[in-house]
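The structure appears below as structure tokens.
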Amino acid sequence: MTLTPIQKRRLNAFKRNRRGYWSLWIFLALFMLSLVAELIANDKPLLVEFENELYTPMWMNYSELTFGGEFDTPADYKDPYIQELISEAGGWMLWPPIRFSYDTINYDLPVPAPSPPSAENWLGTDDQGRDVLARVIYGFRISVLFALVLTLISSVIGVMAGATQGYYGGKIDLLFQRFIEIWSGLPVLFLLIILASLVEPNFWWLLGIMLLFSWMNLVDVVRAEFLRGRNLEYVRAARALGLGNRLIMYRHVLPNAMVATLTFMPFIFNSAIVTLTALDFLGFGLPPGSPSLGELVAQGKENLHAPWLGITAFVALSLMLTLLIFIGEAVRDAFDPRKML
Numbered sequence: 001m002t003l004t005p006i007q008k009r010r011l012n013a014f015k016r017n018r019r020g021y022w023s024l025w026i027f028l029a030l031f032m033l034s035l036v037a038e039l040i041a042n043d044k045p046l047l048v049e050f051e052n053e054l055y056t057p058m059w060m061n062y063s064e065l066t067f068g069g070e071f072d073t074p075a076d077y078k079d080p081y082i083q084e085l086i087s088e089a090g091g092w093m094l095w096p097p098i099r100f101s102y103d104t105i106n107y108d109l110p111v112p113a114p115s116p117p118s119a120e121n122w123l124g125t126d127d128q129g130r131d132v133l134a135r136v137i138y139g140f141r142i143s144v145l146f147a148l149v150l151t152l153i154s155s156v157i158g159v160m161a162g163a164t165q166g167y168y169g170g171k172i173d174l175l176f177q178r179f180i181e182i183w184s185g186l187p188v189l190f191l192l193i194i195l196a197s198l199v200e201p202n203f204w205w206l207l208g209i210m211l212l213f214s215w216m217n218l219v220d221v222v223r224a225e226f227l228r229g230r231n232l233e234y235v236r237a238a239r240a241l242g243l244g245n246r247l248i249m250y251r252h253v254l255p256n257a258m259v260a261t262l263t264f265m266p267f268i269f270n271s272a273i274v275t276l277t278a279l280d281f282l283g284f285g286l287p288p289g290s291p292s293l294g295e296l297v298a299q300g301k302e303n304l305h306a307p308w309l310g311i312t313a314f315v316a317l318s319l320m321l322t323l324l325i326f327i328g329e330a331v332r333d334a335f336d337p338r339k340m341l
């Protein structure tokens, strides 16, 4: 795809902001690693060789009978009995770097949970004996995916609503503004608490509830751009030539409004992560047991004698949010006409 001259200038302006440029690459690297979290942190080996046959426990469930055991139950690959059966047959197991999943409980802790960092649990365990590092990796993935989906869908709805208001104006704009004023005044947290008592919250349930209110973030910005752009000469000329309103909005006014939209999107992304973390911290977020950074913050608060929990949550959240802020600043500079020269 060939870039236009203005796109090249924006790309060069983004690259000149070294802090934001390298933050983008670091964030993408962390996100890509989290997408393959099962290959990094798992309580099942990646590959098992037994009697000259290869098995993939990550993708298929095998019983003890498969490896010469006595019971038709799922094989526990950490069980010394299963490990001995495989080794006696000349087999081997290829484990991921972290031998725990986000919900794996370590029953062989030398001290009561939460246990401090060790060679087995690099960042220690929480109060239920689950590996903290594994939960951070999986929790990072859920937080980013939740924020990404929420940002994209809410941005589309917000742009459409703002464009309709700004372009048509009049009664449509007036009535829409009164609706937004009423809708934005609703107590979101109280609604979440009430609904959480009626329905068990999950990823999609939370996404739907947050989407009901997050779409308003971009409406004012897009509305202002369309109010300004609808009376420009080239827009009036296109209308005089008989071009339809939809085509005028899409071809001539929307590109200008997208500058402000793309500038605000990283900050909306950041806000979505903070919101999910806050809900998980308060106990109204993801279902209990789900890998969550907010739940890790709550555990750090409840277990002050285990400082590694609070420190890990602080470092993970601060790193993620700092990278996103730096990326947002670089995007803002890229679309700033004064910094494209």
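With the UniProt record's numbering, the residue at position 77 of the sequence shown is 77, and numbering never jumps. Every residue gets a Cβ at the ideal spot worked out from N, C-alpha and C, and that includes glycine. All of these numbers come straight from a predicted model, not from anything done at the bench.
Check: Alpha-carbon to alpha-carbon, Asp-43 and residue 401; Outcome: Outside the modelled stretch of the chain, which goes from 1 to 341, sits residue 401, for which no answer is possible.
Check: Cβ separation of Ala-134 and Ser-101, assumed to be a contact under 8 Å, to the nearest whole Å; Outcome: 6 Å
Check: Alpha helix (DSSP H) segment containing Trp-183, residue limits; Outcome: 170-184
Check: Beta-carbon contacts of Thr-104 that lie in its chain and below 6 Å, excluding the five residues immediately before and after; Outcome: Asp-43
Check: Proximal residues to Leu-58 (C-beta, below 7 Å), its chain only, five neighbours per side dropped; Outcome: Here residue 58 is Met; the residue named in the question, Leu, does not match the sequence. These residues qualify, in order along the chain: Glu-38, Asn-42, Lys-44, Leu-46.
Check: Given 8 Å, three or more beta-carbon pairs between the stretch 122-138 and the stretch 296-314; Outcome: yes
Check: Asp-220 versus Gly-162 - alpha carbon distance; Outcome: 6 Å
Check: Chain-order list of residues whose beta-carbon lies under 6 Å from that of Leu-292 (same chain, five-residue window excluded); Outcome: The question names Leu, yet the displayed sequence has Ser at residue 292. Gly-139, Asp-280, Leu-286, listed in sequence order.
Check: Touching by the beta-carbon criterion (3+ pairs, under 8 Å), the stretch 297-311 and the stretch 14-22; Outcome: no
Check: Unbroken beta strand (DSSP E) run spanning Phe-50, endpoints; Outcome: 47-50
Check: Distance CB(Met-216)-CB(Leu-150) smaller than 7 Å; Outcome: no
Check: Presumed contact (8 Å Cβ cut-off) between Phe-326 and Leu-192, rounded CB distance; Outcome: Going by Cβ atoms, the distance from Phe-326 to Leu-192 rounds to 30 Å, so no, they are not a contact pair.
Check: Cβ pair count under 8 Å reaching 3, the stretch 70-85 against the stretch 174-182; Outcome: no
Check: Sheet register partners of Met-93 (DSSP bridge); Outcome: Val-48
Check: Opposing strand residues paired with Asp-131 [DSSP bridges]; Outcome: Thr-125
Check: Through-space distance from Leu-195 to Ala-334, alpha-carbon basis; Outcome: 41 Å
Check: Span separating the alpha-carbon of Val-159 from that of Asn-231; Outcome: 19 Å
Check: Within the stretch 219-257, ranges of the alpha helix (DSSP H) (whole runs, at least 4 residues); Outcome: 219-229, 233-240, 245-248
Check: Helix, strand or coil at Ala-260 according to DSSP, with G and I counted as helix; Outcome: helix
Check: CA-to-CA distance, Asn-270 to Leu-319, given in whole angstroms; Outcome: 12 Å
Check: Selection from Glu-233, Glu-120, Trp-204 that minimises the alpha carbon distance to Pro-96; Outcome: Glu-120
Check: Pair within 7 Å by beta-carbon distance, Asp-131 and Asn-303; Outcome: no
Check: Uninterrupted alpha helix (DSSP H) stretches inside the stretch 5-44 (no shorter than 4 residues); Outcome: 5-16, 18-35, 37-40
Check: CB contact flag (residue 350, Ser-118, <7 Å); Outcome: Look at the range of the chain in this structure, 1 to 341, and you will see that residue 350 is not part of it.
Check: Residues near Ile-248 by beta carbon distance below 7 Å, same chain, minus five either side; Outcome: Val-235, Ala-238, Arg-239
Check: Cross-strand partners of Ile-137 (DSSP beta bridge); Outcome: Note: Ile-137 sits in no beta bridge, so no partner.
Check: Separation of Arg-223 from Glu-181, as counted between CA atoms; Outcome: 15 Å
Check: Tyr-102: first and last residue of the uninterrupted alpha helix (DSSP H) it sits in; Outcome: First-last for Tyr-102: undefined, no H or E at that position.
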